[in-house]
Every structure is written in C-alpha cells, then in structure tokens.
Amino acid sequence: MKIETVEAITFRHSTNTVRDSDGHGHPGPVSQTTSSLLVITCDDGTQGRVVCRGGDVREYLLERFVRPNLIGKDPLATEKLWYGVYKWQRLSGGELTDRALAAVDLALWDLKGKAAGMPVWKLLGGYRPKILAYGSTMCGDDLENGLATPEDYANFADWMVKRGYKAIKLHGWMPPVPGAPDVRMDYKACAAVREVVGPDFPLMLDPHHFYSRTDVLWLAEKLADLDYRWMEEPMEEASMSSYKWLTQNSRLNILGPETMTGKHWTRGEWVKHDACDLVRSGVWDVGGISPAMKCANMAECFHISCEIHGTGAGNLSVALAIPNTSFYERGLLHPFIDYDEPKEYQNRIDDEMDADGYIHGREEPGLGQDLNMDYIEANRVN
Ligand SMILES: O=C(NO)[C@@H](O)[C@H](O)[C@@H](O)C(=O)[O-]
Ligand SMILES: [Mg+2]
Numbered sequence: 491m492k493i494e495t496v497e498a499i500t501f502r503h504s505t506n507t508v509r510d511s512d513g514h515g516h517p518g519p520v521s522q523t524t525s526s527l528l529v530i531t532c533d534d535g536t537q538g539r540v541v542c543r544g545g546d547v548r549e550y551l552l553e554r555f556v557r558p559n560l561i562g563k564d565p566l567a568t569e570k571l572w573y574g575v576y577k578w579q580r581l582s583g584g585e586l587t588d589r590a591l592a593a594v595d596l597a598l599w600d601l602k603g604k605a606a607g608m609p610v611w612k613l614l615g616g617y618r619p620k621i622l623a624y625g626s627t628m629c630g631d632d633l634e635n636g637l638a639t640p641e642d643y644a645n646f647a648d649w650m651v652k653r654g655y656k657a658i659k660l661h662g663w664m665p666p667v668p669g670a671p672d673v674r675m676d677y678k679a680c681a682a683v684r685e686v687v688g689p690d691f692p693l694m695l696d697p698h699h700f701y702s703r704t705d706v707l708w709l710a711e712k713l714a715d716l717d718y719r720w721m722e723e724p725m726e727e728a729s730m731s732s733y734k735w736l737t738q739n740s741r742l743n744i745l746g747p748e749t750m751t752g753k754h755w756t757r758g759e760w761v762k763h764d765a766c767d768l769v770r771s772g773v774w775d776v777g778g779i780s781p782a783m784k785c786a787n788m789a790e791c792f793h794i795s796c797e798i799h800g801t802g803a804g805n806l807s808v809a810l811a812i813p814n815t816s817f818y819e820r821g822l823l824h825p826f827i828d829y830d831e832p833k834e835y836q837n838r839i840d841d842e843m844d845a846d847g848y849i850h851g852r853e854e855p856g857l858g859q860d861l862n863m864d865y866i867e868a869n870r871v872n
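Under the working numbering, the first residue of the sequence shown is numbered 491, with each subsequent residue one higher.
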C-alpha cells in the first residue's frame with residue numbers, strides 16, 4: 491500500500507457566522523465561504539479525508555512540503571510521515587502552519603482507520619465509547635437577546651441545561667464589543683450563570699486573552715468562590731511566567747496553553763514549570779492527532795487532565811481515546827444558531843449529542859466524518 495495522490499478540493503458553502511475585528515465568531519447574516527477537503531489516495535484506492543479551512547492546505551503548501559514527503563510512502567507510517575512534514579516548518583518562514591500539518595495528520599489517521607476497518611478513536615486506545623460534552627458559548631456580543639448581558643448568559647445556560655449539557659464554558663465579552671474587556675462584567679455573567687444552574691454544575695470561563703496579572707487574579711479568586719472548574723487563556727500564553735505566577739497565587743485551576751505554538755514540547759514545558767493545573771491540547775493547535783496524543787500521554791504522567799480544544803472528528807477521536815480528560819468541547823454555541831443543523835457538505839455533524847449530554851464514538855472506519863461528497867463535488871471551486 492503506497493500513497494499515490496494528495497489533493498485539496500476547495501468548495502463553496504453557506505455560513506451564518508461572521509468574524510469580528512479580533513477574529514472572534516458571532517452570529518451574522520448568511521453568506522458564502524469556502525472550506526477544503528484534503529484527500530490522500532493510495533494505490534489500492536483507499537482514501538483518507540478531512541475537512542479543514544480553505545487556506546490551510548493551499549496547493550503551494552502541498553506541492554512544496556507535503557507531496558515530497560508522502561507520495562510513494564506507506565500511509566500507515568503516520569509517525570514517520572508526520573516528522574517528515576513537521577521538520578519543514580523550521581525553515582518554511584511560517585508558511586507551513588500547524589493547521590496544515592494537522593490536516594495531513596488527520597487525513598492519514600482517517601486513512602489508517604479505513605485500512606484497519608476501525609474507527610480512529612478505537613485505534614488510538616478507545617478509552618470510552620461516549621463522552622460528556624460541555625456547551626462552549628460564543629464570545630459575548632451586543633445583540634439583543636443574544637449574549638449581551640449577564641441575564642442573556644443565564645437564560646442561555648438554562649436552555650443548555652434543558653438541552654442536556656452537563657457542563658458549560660462561557661466565553662466572555664472581548665473587544666471590539668463595547669465595554670470589553672472588563673473583569674467585573676465577566677464576573678457578573680459568571681455569577682448569573684452559577685445562580686441559574688445551581689452550586690454543583692461544572693462551569694468554566696474562557697475570557698479576554700490579554701488581561702493584566704492583577705485583573706486576572708481578581709477574577710480567578712471570584713470564580714474560585716463560585717466554584718468554577720477552570721479558567722483558560724486570560725493572558726498572552728507566550729508569557730509562561732505569568733501563568734506560573736497565576737497558578738501559584740490563585741485557588742482557581744488554570745488550564746493551558748491553548749494557542750501557544752510548540753506542540754507537545756511547549757505543553758511539556760508548562761507542566762515542568764507548573765504553569766498550569768490542567769493541560770490544553772487541540773489537534774488544530776498542535777499539528778494533528780499524533781502530537782495531541784503525546785500531550786495527553788505526557789500530562790497523564792503527572793496526573794494532570796488534558797482538556798481537548800475545539801470540536802470536530804479529530805478532537806472527538808482524541809477525547810474518546812484518552813483516560814485523562816473531562817469533557818468534549820461542543821460549540822461554539824449561541825442562542826441565534828442551531829448548532830445541531832448539519833452544514834451543506836455534511837450528512838451528519840461530527841458530534842451529535844444525545845438528550846443526556848453524551849457524544850458517542852461512531853463505529854464506521856476512519857475519523858467518523860459523514861460528508862456529502864455529491865455536494866462537495868458540485869460546489870467545487872478549484
Ligand atoms: O478558545 C476557544 N475555545 O476554548 C476558541 O473557540 C476561540 O479561540 C475563542 O476562545 C475565541 O474566539 O477567542
Ligand atoms: Mg479557549
């Protein structure tokens with residue numbers, strides 16, 4: 491079995507999410523956007539596929555960094571192939587991103603699952619056949635009856651509990667929303683949600699990502715009083731010493747790093763330096779399933795939970811596979827968006843949730859994406 495082709499199909503579809511000037515997603519008018527499907531095909535016809543953002547796997551990256559390392563190779567040698575592409579990052583001038591590396595790795599794991607006739611979550615270890623999700627809200631906004639007030643957050647939390655969620659994470663208000671950033675506003679939203687869900691319901695906060703140490707410590711102590719489970723990314727994660735300071739000075743559990751580069755190496759350093767109480771890892775942040783599993787296994791050595799960042803089949807596969815994690819992040823959610831509605835290119839969303847708040851690992855071989863290939867081909871733009 492050898493890899494014969496690596497191609498990206500870019501296709502058009504609708505979206506009801508818009509990005510603000512800081513990059514955060516919010517509900518918006520339906521518009522057209524593009525995504526890509528990376529397809530790795532072998533000489534026996536076996537294919538690995540993954541949907542990713544349109545720019546992640548543009549042709550230039552495939553031609554320069556991916557095909558030279560994959561074509562003609564054994565597709566099952568995922569570790570060898572990952573290293574072959576990863577080492578090109580060092581002198582790529584930042585062009586070969588962790589997201590591009592992740593797309594290649596996820597497509598190879600999808601292919602490996604199909605070759606083995608097994609779902610990836612089982613190939614990786616299959617620690618649990620289902621996992622509780624937490625509802626991860628979108629960042630706050632100034633939309634009437636959206637997420638504009640503490641009462642809006644409380645009302646949405648009430649809806650999420652009735653939907654079946656057994657944990658909730660708030661994203662607070664962040665610039666450019668008027669009045670943000672403001673730790674006291676964050677606290678009011680967190681207190682309003684605690685009031686509505688009761689004292690024992692797991693709650694977390696993901697606030698503005700560039701607060702000062704003193705603001706963060708004030709907020710962390712207030713959330714500890716509300717028995718929040720963790721806070722993540724309240725400061726620039728390149729300042730590991732600020733997180734070490736926060737972890738040492740706060741009663742609240744601190745989770746990280748989420749977006750910091752350096753993959754499993756960085757997360758190992760944060761654990762070594764006691765800069766976090768829980769480790770954060772997501773397949774799109776660390777370069778794929780292969781390094782995400784290394785983050786989780788490293789954290790396990792120190793009896794630390796590894797909380798997986800982000801949704802989708804790749805992150806779900808890791809979350810189902812490992813013992814040291816709490817929840818799957820499902821979102822981002824908003825009162826104006828029906829998260830359960832499949833996108834035009836999906837027959838089913840990757841992470842259907844039952845009424846009890848569980849997401850079940852699928853038994854189909856591969857990552858478990860259920861794609862509408864007719865739609866993708868009919869709306870192909872390259
Ligand atoms: O952090 C996240 N999830 O935990 C991501 O979904 C986003 O980056 C969110 O924080 C944001 O938009 O800042
Ligand atoms: Mg986060």
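Glycine included, each C-beta is placed from N, C-alpha and C at the ideal position.
Which of helix, strand or coil does DSSP assign to residue i?
i: Asn814; result: coil
i: Thr627; result: strand
i: Gly513; result: coil
i: Val776; result: helix
i: Ser732; result: helix
i: Gly603; result: helix
i: Ile866; result: helix
i: Asp860; result: strand
i: Thr790; result: First, the amino acid is wrong: residue 790 is Glu here, not Thr. Three-state DSSP puts Glu790 in a helix.
i: Glu685; result: helix
i: Val871; result: coil
To the nearest whole angstrom, what separates the beta carbons of residue i and residue j, a pair I think is in contact under 8 Å?
i: Cys785; j: Arg741; result: Actually they do not touch by this definition, with Cβ atoms about 25 Å apart.
i: Tyr617; j: Ala811; result: 6 Å
i: Asp648; j: Val686; result: 5 Å
i: Leu861; j: Asn837; result: 7 Å
i: Tyr576; j: Leu591; result: 6 Å
i: Gly544; j: Ser526; result: 5 Å
i: Lys439; j: Gly562; result: Since the first residue of the chain shown is 491 and the last is 872, residue 439 is not available in this structure.
i: Trp755; j: Gly746; result: 15 Å between Cβ atoms; not a contact.
i: Pro825; j: Phe691; result: Not quite, the Cβ-Cβ distance comes to about 19 Å (not below 8 Å), so this is no contact.
i: Met730; j: His698; result: Met730 to His698, Cβ: 19 Å. No contact.
i: Arg684; j: Glu722; result: Contact doesn't hold; Cβ gap of about 18 Å is too wide.
Between the beta-carbon of residue i and the beta-carbon of residue j, is there less than 8 Å?
i: Trp720; j: Met694; result: yes
i: Asp631; j: His503; result: no
i: Leu571; j: Leu581; result: no
i: Leu768; j: Glu748; result: no
i: Lys712; j: Tyr655; result: no
i: Leu857; j: Ser807; result: yes
i: Val871; j: Phe501; result: yes
i: Lys753; j: Pro724; result: no
i: Met608; j: Pro832; result: no
i: Asn814; j: Glu790; result: yes
i: Val496; j: Val540; result: no
i: Thr531; j: Glu585; result: no
i: Leu598; j: Thr568; result: yes
i: Leu660; j: Thr639; result: no
i: Tyr733; j: Cys766; result: yes
i: Lys620; j: Gly851; result: yes
Is there a C-beta anywhere in chain C that falls below 8 Å from the one on residue i?
i: Cys680; result: No chain C appears in this structure, which consists of one protein chain only.
Enumerate, from N- to C-terminal direction, the unbroken alpha helix (DSSP H) stretches of 4 or more residues contained entirely within the segment 798 to 852.
Within the segment 798 to 852, complete alpha helix (DSSP H) segments of at least 4 residues are found at 803 to 811, given in chain order.
For the segment 519 to 538 against the segment 602 to 620, are there 3 or more C-beta pairs whose distance is under 8 Å?
yes
Whole alpha helix (DSSP H) runs in the segment 608 to 669 with 4 or more residues, listed along the chain?
610 to 613 and 640 to 653
Measuring CB atoms only, is the segment 698 to 712 touching the segment 657 to 671, in the sense that at least three cross pairs come out at less than 8 Å?
yes
Enumerate, from N- to C-terminal direction, the unbroken alpha helix (DSSP H) stretches of 4 or more residues contained entirely within the segment 518 to 585.
Segments of the alpha helix (DSSP H) lying fully in the segment 518 to 585: 557 to 560 and 568 to 576.
Could I get the ranges of all uninterrupted alpha helix (DSSP H) runs contained in the segment 690 to 775, with 4 residues as the minimum, in chain order?
703 to 715, 730 to 739 and 753 to 762
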